[in-house]
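Numbering (numbering that gives the first Met the number 0), first residue to last: 0 to 265.
Glycine included, every Cβ here is placed at the ideal spot set by N, Cα and C.
Quick caveat: nothing in here was measured; it's all calculated off a predicted structure.
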Amino acid sequence: MRKTCVAFMLLLVSSWAFAQGMYWKTETEGTVAERSSENYMMPGKLKIVRSGGESEGAIVIARLDREVFWMLNPEKKTYSEMTFAEMEQMVSKTGAKMDDAMAKMKEEMKDMTPEQREMVEKMMGGKMPGGQADMAVDVQKTNQTKTIAGYSCTKYSVKEGANEVMTVWTTKGVTGFDAMAADWKKFAERMSAMNPRGGKGMADAYKSIDGFPMQTMIKMMGQTVTATVKQVERRSTPAGEFDTPAGYKKVEGEWKKHMREMDQDE
């Protein structure tokens with residue numbers, strides 16, 4: 000869930016640009032299996048079609064107008080649903096449980112050797128209780144530039160304390176994107192909220208990042224995940240593509256199942 004978060008940013012209002020919509024293809028490296036996704040966007044609506052790894056063929060639809068996520072499984076012809084409010088509730092509960100578990104880990108670390116503690120702290124990074132996860136996120140626009148998929152991009156550095164946790168290369172060269180910034184930002188904030196720890200900080204970071212994100216690098220748990228846009232264009236997508244398909248059966252999703260199990264444990 001947290002990795003997915005790297006794909007989203009912000010949009011404004013322009014009737015002509017909205018009528019066109021946007022499409023972009025992203026490739027992600029640094030996970031167990033390399034993945035790609037095709038992203039379709041219209042006013043208040045986002046559809047992500049994934050390929051590669053365990054997510055092969057999976058589809059996620061986000062609707063700002065209904066404040067809901069739909070997760071589709073085309074192979075089984077099923078879909079699950081989670082509202083934004085349910086997502087935030089689940090993330091809050093998950094974060095609290097993670098804090099409890101990490102507090103116990105921190106107590107156990109007192110009996111470790113200095114070498115063992117250093118190894119654990121390096122692996123956990125800012126996720127330790129009282130560590131960088133509690134720090135404010137600082138966003139800096141740099142003077143570094145590079146070309147990605149034919150677009151001139153500028154680097155933004157996102158830090159928690161002294162550590163760089165994310166870099167984003169954005170471009171102002173994607174025609175029509177400025178007119179779509181408000182919705183894009185809302186999507187970014189909602190997707191960032193999926194991260195039980197540090198999600199709010201990342202959501203706040205997106206508010207200071209200008210332009211269309213051509214490449215996003217996230218560092219967590221000792222790994223770096225890189226999502227790079229390979230193709231982007233203005234494209235109108237039919238409204239029906241952002242609804243659950245006819246004939247699909249509604250099932251309980253993994254996220255809701257996880258939330259129900261957490262309620263039973265309390």
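Look at Ile58 and Leu71 and say whether their C-beta atoms are less than 8 Å apart. Cβ distance < 8 Å, so Ile58 and Leu71 count as in contact.
Below 8 Å, can you find three or more Cβ-Cβ pairs linking the stretch 162-169 to the stretch 206-221? By the Cβ rule, the stretch 162-169 counts as touching the stretch 206-221, because three or more pairs are nearer than 8 Å.
Mind listing, in chain order, the continuous alpha helix (DSSP H) runs of no fewer than 4 residues lying wholly within the stretch 53-95? Within the stretch 53-95, no complete alpha helix (DSSP H) run reaches 4 residues.
Under 8 Å between C-beta atoms of Gly246 and Lys76: Closer than 8 Å, so yes.
Just to confirm the assignment, what range does the beta strand (DSSP E) spanning Glu232 have? Counting along the chain, Glu232 sits inside the beta strand (DSSP E) bounded by residues 222-233.
Can you grab the Cα-Cα spacing for the pair Lys249 / Thr243, in whole Å? Straight-line Cα distance between these residues: approximately 9 Å.
Cut-off 6 Å between Cβ atoms - residues of its own chain near Lys218, not counting five sequence neighbours on either side: The answer, listed in chain order, is Val164.
Expressed to the nearest angstrom, what Euclidean distance is found between the alpha-carbon atoms of Ser156 and Val67? Rounded to whole angstroms, Ser156 to Val67 spans 31 Å at the Cα level.
Cα-Cα, which of Glu28, Trp254, Met21, Trp23 is closest to Thr223? In terms of CA proximity to Thr223, Glu28 leads the group Glu28, Trp254, Met21, Trp23.
Can you list, in chain order, the residues of its chain whose CB lies under 8 Å from that of Ser79, leaving out five sequence neighbours each side? Once the five neighbours on either side are set aside, the close Cβ partners of Ser79 are Trp69, Met70, Lys249, Val250, Glu251, Gly252, Glu253, Trp254, Lys255.
C-alpha distance - Gln19 paired with Pro42, whole-angstrom precision: The straight-line gap separating the alpha-carbon atoms of Gln19 and Pro42 is approximately 10 Å.
On a Cα-Cα basis, can you pick out the residue from Arg233, Met216, Thr82, Ser235 that is closest to Thr227? Of Arg233, Met216, Thr82, Ser235, the residue nearest in Cα terms is Met216.
Just how far apart, CA to CA, sit Arg234 and Glu26? One alpha carbon belongs to Arg234, the other to Glu26, and they sit about 19 Å apart.
Ser207 (DSSP reduced to helix, strand or coil): Note: Ser207 maps to coil in three-state DSSP.
Taking 6 Å as the limit between beta carbons, can you name the residues of its chain near Ser350, skipping five residues before and five after? In the structure displayed, the chain extends from 0 to 265; residue 350 sits before or after that span and is not available.
What are the start and end residues of the beta strand (DSSP E) that includes Val136? 136-147 is the extent of the beta strand (DSSP E) around Val136.
Going by DSSP in three states, Met273 sits in which element: helix, strand or coil? With the chain running from 0 to 265 in the structure shown, residue 273 is simply not present.
Segment limits, beta strand (DSSP E) that includes Glu37: The continuous beta strand (DSSP E) containing Glu37 extends over residues 34-41.
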